[in-house]
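Below: the structure, in structure tokens.
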């Protein structure tokens, strides 16, 4: 009676092929995640800038929110969720003054992002390489 099955060499070859494919795929996945984090951070800063500019153009009569607490209260979906929070590998900070504002998104590490985004008065978004 003949036994059927795989030899040790065949199993080792399959394991080596899987390890090779994993070694190629994992860095690409990490790069894609970093790129997605950066795109999300830039979009979030743009949303926060738009909210500040909309307030100044309408309700604020040319003035921006007086402080971060007012910004967070008036815009809980945007500012309330992001100002002072860490999301998607980025830490967000909001500095609101009646005549200006600065909104920043800083990556937690180079694994989560390589760009720092700053939104300033007039909805200007600046991009800097991190660190």
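Numbering (the numbering used here), first residue to last: 6 to 136. Glycine included, every Cβ here is placed at the ideal spot set by N, Cα and C.
For residue i, I'd like the list of residues in its chain whose CB is within less than 8 Å of its CB, leaving aside the five on either flank, ordered along the chain.
| i | result |
| --- | --- |
| residue 75 | 101 |
| residue 61 | 67, 68, 69 |
Check residue i in the structure and name its three-state DSSP category.
| i | result |
| --- | --- |
| residue 133 | strand |
| residue 103 | coil |
| residue 108 | strand |
| residue 128 | coil |
Nearest by alpha-carbon distance to residue i: which of the options is it?
| i | options | result |
| --- | --- | --- |
| residue 131 | 96, 23, 107 | 107 |
| residue 114 | 105, 94, 122 | 94 |
If you drop the 5 nearest sequence neighbours on each side, which residues of the same chain put their C-beta closer than 6 Å to that of residue i?
| i | result |
| --- | --- |
| residue 52 | 83 |
Whole-angstrom Cβ separation of residue i and residue j, contact assumed at under 8 Å?
| i | j | result |
| --- | --- | --- |
| residue 39 | residue 111 | Rounded, the Cβ-Cβ distance is 14 Å, inconsistent with contact. |
| residue 133 | residue 120 | 7 Å |
Taking all protein chains shown into account, decide if residue i is buried (16 or more other Cβ within 10 angstroms of its Cβ) or exposed.
| i | result |
| --- | --- |
| residue 31 | exposed |
| residue 16 | exposed |
| residue 124 | buried |
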